[in-house]
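The next block holds one structure in the form of structure tokens; read it before the comments.
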């Protein structure tokens, strides 16, 4: 061996290498002498010597101006107060449907629908005739936004154009797992822009949702109450027997009423009961269910009505959990074949927009996955309503209802294997299924827990079986995967599943995550109230509905009336 190599001095380590060198040396993981502006290695090798930008100082990164130690002791962020609204200033507000001149410019995506909106919404409510007293007596009390509803509601300051823009670009995409342009709510928006009555109710919903989106949960803004008032005046005129029938506009108005009252915190149970009864009366009066179920042709009105009826069935059945509504959903569920035909007809609207036709890599799924998953989801909605009825049924009917629900759950698990194995597949393969599949699985596990607790057992009651504990773990795991996959703020059934998981779990980490994740103000408030009661004892389904009923009397909109047909 060479004497020079043998005598070579062994390498000595002088501590960890500096990480403050130039970016070129750090990238190659070699030493840098940190000579600026160009280190000797980069100069020797004729390389570009790049130095990372220095981060701002800690004081400049802190909130506020200057170091905290030099800030005045009395410093505090300015308080943001809502606009004060008086009776005299109501006349200065934009009229219903009027567009402010200082609004943002709508994007090109609004297209011709926005142009139709600008041409059709200039409605002066003073030009509308007052409802005839005899008509009011036949149709029921007028939904007038008076007293507490309007005079003491803070104004959000949003214009109607901004509300429509929010509805199209934010609300509709969050309300559906479809592409926004092909979602049902964008389709309904196009219909509402051509109908003054429906447009008022849509704007009431849009202003309210915009307020919730901005963090104002206490009560709907004054803009919502104004549109609710003007829409109800036109609604009463539409109920006149001599008026031209517009079933699509009327049923769509009913749907927007549901969407408005279901976002009130706390729930107003009486209003939702009246709304459910009104929908049922109207549908039975004109045999709209028979019209849709017996329609063999793809008539536009039948297609639209079937889609709206499906949404109303979903909303009304969802209200049954809280002990209100459910009349219309129970009526539809009486004839399973008719319900299935209405569902199939409602799906035919969107068959052209189902782009995904390759089967998912899940056990038991064949054919187009999107339509398949929605079919399973609708079956779960029907089972959910059956459990609502079972939890409130008299003893003589409870046993048969329980057997029916058990058969339905066993059948749906047998036919759709992915409901039980999707989360296991996600863990093993680290796959990312479609958002709607995860929402469906989460809802399925929540339904199982709800059925177990709906009558004989209390929420949070111990001990529980191994099977029940497994379902709860799968529910929380499915919820985690769902939240990580896509937006779920406005998917009511998923938000309800979070409520069930939060009521049932005792794990503080899971509970904290659920409280931070659940975004529906009604369900979030209910979960907090139930957890307070669970500090002393477990809560039965009957007690949970009592809690909802107790807080519903504090509703600021309690003086508003639903048109009862």
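Residue numbers (our numbering): 22 to 586.
The beta-carbon is built from N, C-alpha and C at its ideal position, and this holds for glycine as well.
Check	Outcome
Nearest by alpha-carbon distance to residue 323: which of 295, 351 and 272 is it?	272
Let me know the secondary structure DSSP gives residue 203 once reduced to three states.	helix
In terms of residue numbering, what span does the alpha helix (DSSP H) encompassing residue 273 cover?	268 to 282
By DSSP, does residue 306 sit in helix, in strand, or in coil?	helix
CB-CB under 7 Å to residue 465, same chain, minus the five flanking residues each way: which ones, in chain order?	401 and 440
Considering only C-alpha positions, which residue in the set 495, 234 and 286 is nearest to residue 184?	234
Residue 237 lies in the alpha helix (DSSP H); which residues open and close that run?	Here residue 237 belongs to no alpha helix (DSSP H), and DSSP marks it neither H nor E.
Please confirm whether residue 313 and residue 326 have their CB atoms less than 9 Å apart.	yes
Taking only runs of the alpha helix (DSSP H) that begin and end inside the stretch 480 to 519, which ones reach a length of at least 4 residues, in chain order?	487 to 506
Exposed or buried, what is residue 620 when buried is set at 16 or more other beta-carbons lying within 10 Å of its beta-carbon?	Given a span of 22 to 586 for the chain in the structure shown, any question on residue 620 remains unanswerable.
How many Å lie between residue 421 and residue 480 at the Cα?	23 Å
Have a look at 364, 259, 186 and 415 and flag the residue whose alpha-carbon is nearest the alpha-carbon of residue 217.	259
Does the stretch 194 to 213 touch the stretch 246 to 256, meaning 3 or more C-beta pairs lie closer than 8 Å?	no
Between the Cα of residue 456 and those of 201, 519 and 505, spot the shortest distance and give me the residue it belongs to.	505
When the Cα of residue 395 is compared with those of 412, 408, 369 and 416, which residue comes out closest?	369
Do the stretch 561 to 568 and the stretch 492 to 504 touch if we need at least three Cβ pairs shorter than 8 Å?	no
How is the alpha helix (DSSP H) around residue 421 delimited, first residue to last?	416 to 436
From residue 462 to residue 341, what distance separates their C-alpha atoms?	21 Å
Please name the residue in 246, 346, 488 and 357 whose C-alpha comes closest to that of residue 399.	357
Please give me, in chain order, every unbroken run of the beta strand (DSSP E) with length at least 3 that falls completely inside the stretch 524 to 552.	none
DSSP beta-bridge partners for residue 560?	480
Identify, in the order they occur along the chain, each residue of the same chain with its Cβ nearer than 7 Å to the Cβ of residue 350, setting aside the five sequence neighbours on each side.	334, 337, 338, 341 and 406
Are there 16 or more other CB atoms within 10 angstroms of the CB of residue 287, so buried, or fewer, so exposed?	buried
By Cβ distance below 8 Å, which residues in the same chain neighbour residue 55 in space, the five residues on each side in sequence not counted?	39, 41, 42 and 43
Is the beta carbon of residue 363 closer than 9 Å to that of residue 408?	no
Along the chain, where does the alpha helix (DSSP H) containing residue 365 start, and where does it finish?	357 to 368
Quick check on the burial criterion: 16 or more other C-beta atoms within 10 angstroms. Buried or exposed for residue 284?	buried
Using a Cβ-Cβ cutoff of less than 7 Å, which residues in the same chain neighbour residue 71 once the five nearest sequence positions on both sides are dropped?	43, 44 and 45
Determine the direct distance from the alpha carbon of residue 282 to that of residue 178, and round the result to whole angstroms.	21 Å
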